[in-house]
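Let me begin by presenting the structure, written as structure tokens, before commenting on it.
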Amino acid sequence: MAARRPSAALSAALAERHVLVVCGAGGVGKTTTAAALGLEAARLGRRALVCTIDPSRRLATSLGLGQLSQKPRRLPLGRFGVAAEGEMWAMTLDTKGTFDSLVERFAGSEAARRRILGNRFYQQVSAALAGTHEYMAMEKLLELSADARFDLVILDTPPTRHALDFLEAPDRMMSFLDASVLRWFLKPYFVAGRLTLKVATRTGAALLGLVDRYLGLQFLQDLSEFFLAFEAMYDGFKERAARVFGLLREPTSGFVLVASPAQASLDEVLYFHRRLEEKRMPFVALVVNRLHPQPSGPARRRASAAVSPGLAAKLAEVLAEEHLVARAEHRRVGRVEVDIGRRPVPVPELESDVHDLRGLAEVAGALFGSA
Ligand SMILES: Nc1ncnc2c1ncn2[C@@H]1O[C@H](COP(=O)(O)OP(=O)(O)OP(=O)(O)O)[C@@H](O)[C@H]1O
Ligand SMILES: [Mg+2]
């Protein structure tokens, strides 16, 4: 029997699962991988939706996603010469819009809804809050996974410095909204309805004084109003967050981790993998993207046949260096394999950026060994 291909688990997941989340640190190739997986899933006959986050403009354009494509759009794969039995859909996540619709759902009354959506603090900060993007991506996932048009939803995740930020987002979001410190000293202040600095302790008063001095009372009032209005929605948010965690734990869901071959990136992904196990969330595969290929025989021959001896020596030096880099990467990836007990799926560094279906097909080809 032929050795199991490294991508076997990934292929099986594309064929069977319902939700795949693509995670990794900033810039490692999450969006590219998510889109390539969507393409392969369509080839396997599935109706796959890729929910991208901040795709590069060129990729977005070639996927037919304008700036405002927050609704799933079906890609005319046939027109691009891609034979697929299934369907590939793509959309871009709109964090602010998702947040707004959550508020609409949970605000309770029309007045509360208007109060929050019109709140200056909300308008300015809702998109910038730590964890908001990640949290809204999860929120969207809940909605999309129930959409009958798709039998597979592939969720790209936001560019975070640390991959783990995605998993921690609901907790952080909740603890921010629940921030007892903030509530504790803002609420009495607001409830009093006057711009007084009447708070329980001296520390509180001192803090308030500082906030007032640097941020202004209007800001403070907006902030406390925001928290007050949010209070009613807190349970709704919490319940949704619990459901997202439930969904991510389902055996029909799965995580695809992406890393670069740099040691720091591999270390981080190992840590992420451990956290997935701790949280009992299903790991599917690790993709190591942008590996340096071993210099090929022809490249070596070209180097030795180069015109001048000086140039030949230079070329040989470059090739030797590439060879060393490739070998070091190979060793590092081998160690990761031992740690996670699964062969990582390698994707080489391509000649150019991946910004269209042809590039995605090339990545899919590297992932799955198809043409
Ligand atoms: N194997 C590859 N070969 C060449 N270029 C690649 C490869 N994989 C990704 N790229 C390019 O690297 C850049 C970053 O990739 P991508 O946008 O997929 O990363 P990301 O992890 O989604 O980044 P962010 O964290 O900012 O969202 C893109 O320009 C993409 O075209
Ligand atoms: Mg991205």
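Take the sequence shown: its position 27, counted from the start at 1, is 40 in my numbering, and no numbers get skipped. All C-beta atoms, glycine included, are put in the ideal place defined by N, C-alpha and C.
Residue(s) in a DSSP beta bridge with residue i
{"i": "L165", "result": "A61"}
{"i": "T105", "result": "T65"}
{"i": "P361", "result": "L304"}
{"i": "V269", "result": "V35, A298"}
{"i": "E100", "result": "R60"}
{"i": "R86", "result": "A103"}
Cut-off 6 Å between Cβ atoms - residues of its own chain near residue i, not counting five sequence neighbours on either side
{"i": "G42", "result": "V271, N302"}
{"i": "D352", "result": "L283"}
{"i": "P19", "result": "R356, V358"}
{"i": "P68", "result": "T44"}
{"i": "V338", "result": "H305"}
{"i": "V166", "result": "V32, L62, L157, S158"}
{"i": "D164", "result": "R59, R60"}
{"i": "T65", "result": "T44, T105, D169"}
{"i": "V194", "result": "Since pLDDT at V194 reaches only 49, below the 50 mark, its modelled position is unreliable, and the value read off the structure follows with that caveat. If we look at V194 and ignore the five residues flanking it on each side, it has no Cβ neighbours."}
{"i": "H336", "result": "P308"}
{"i": "F239", "result": "N132, F134, Y135"}
Residue i versus the options, residue with shortest Cα-Cα distance
{"i": "D113", "options": "L76, L177, Q136", "result": "Q136"}
{"i": "G51", "options": "S82, R86, R287, K327", "result": "R86"}
{"i": "D248", "options": "A124, F119, E290", "result": "F119"}
{"i": "E123", "options": "L154, M246, V63", "result": "M246"}
{"i": "D369", "options": "P274, A73, R345", "result": "A73"}
{"i": "A47", "options": "R128, M101, V338, A21", "result": "M101"}
{"i": "D366", "options": "L33, K84, R30, G40", "result": "G40"}
{"i": "A96", "options": "K109, R71, A54", "result": "A54"}
{"i": "P89", "options": "A103, Q83, S82, E117", "result": "A103"}
{"i": "T111", "options": "F268, G94, K84", "result": "K84"}
{"i": "F93", "options": "T108, L76, K109, E291", "result": "L76"}
{"i": "R344", "options": "A254, Q234, Q276, S309", "result": "Q276"}
{"i": "P274", "options": "G121, P361, E238, L78", "result": "P361"}
{"i": "R371", "options": "G91, P172, G131", "result": "G91"}
{"i": "Q231", "options": "S82, N132, P171", "result": "N132"}
{"i": "M294", "options": "F258, L155, K327, L154", "result": "F258"}
heavy atom of ligand 1 below 6 Å from residue i C-beta
{"i": "R7", "result": "No answer is possible for residue 7: it lies beyond the span of the chain, which begins at 14 and ends at 384."}
{"i": "V358", "result": "no"}
{"i": "T44", "result": "yes"}
{"i": "P172", "result": "yes"}
{"i": "V367", "result": "yes"}
{"i": "V41", "result": "yes"}
{"i": "E342", "result": "no"}
{"i": "E362", "result": "yes"}
{"i": "A253", "result": "A quick correction: the sequence has Arg, not Ala, at residue 253. Outside the cutoff, so no."}
{"i": "R303", "result": "yes"}
Residue environment, residue i, which counts as buried when at least 16 other CB atoms sit within 10 Å
{"i": "E252", "result": "exposed"}
{"i": "L236", "result": "buried"}
{"i": "R152", "result": "One detail in the question is off: residue 152 reads as Glu in this sequence, not Arg. E152 comes out buried."}
{"i": "L157", "result": "buried"}
{"i": "E334", "result": "exposed"}
{"i": "D169", "result": "buried"}
{"i": "P264", "result": "exposed"}
{"i": "S266", "result": "buried"}
{"i": "T209", "result": "Only weak support is given to the placement of T209: the predicted model assigns it a pLDDT of 45, under 50, and the question is left unresolved by the model."}
{"i": "L324", "result": "exposed"}
{"i": "D160", "result": "exposed"}
{"i": "D184", "result": "exposed"}
{"i": "A7", "result": "The shown model of the chain, from 14 to 384, leaves out residue 7, and the question about it has no answer."}
{"i": "V331", "result": "exposed"}
{"i": "A255", "result": "exposed"}
{"i": "E364", "result": "exposed"}
{"i": "V204", "result": "Caution applies to V204, whose pLDDT of 47 falls short of 50 and renders its modelled position unreliable; the model cannot decide the point."}
Contacts around residue i, its chain only, beta-carbon distance under 7 Å, and the 5 residues preceding and following it disregarded
{"i": "R288", "result": "L177, L180"}
{"i": "A49", "result": "L373, V376, A377, L380"}
{"i": "L57", "result": "L27, A28, G99"}
{"i": "E350", "result": "R356, P357"}
{"i": "S278", "result": "A38, V41, A272"}
{"i": "F285", "result": "C36, A176, L177, L270"}
{"i": "S394", "result": "Look at the range of the chain in this structure, 14 to 384, and you will see that residue 394 is not part of it."}
{"i": "T108", "result": "A140, T145, H146, M149"}
{"i": "R71", "result": "H368"}
C-beta neighbour in chain C for residue i, strict 7 Å
{"i": "H146", "result": "In the displayed structure, chain C is absent; only one protein chain is listed."}
Residue i beta carbon near ligand 3 (any heavy atom closer than 6 Å)
{"i": "E156", "result": "This structure simply doesn't include ligand 3; it includes ligand 1 and ligand 2 instead."}
Same chain only: Cβ atoms within 8 Å of residue i, ignoring 5 sequence neighbours per side
{"i": "A22", "result": "V297, A298, R355"}
{"i": "R162", "result": "R60, L62, P85, W102"}
{"i": "R126", "result": "V116, E117, A120"}
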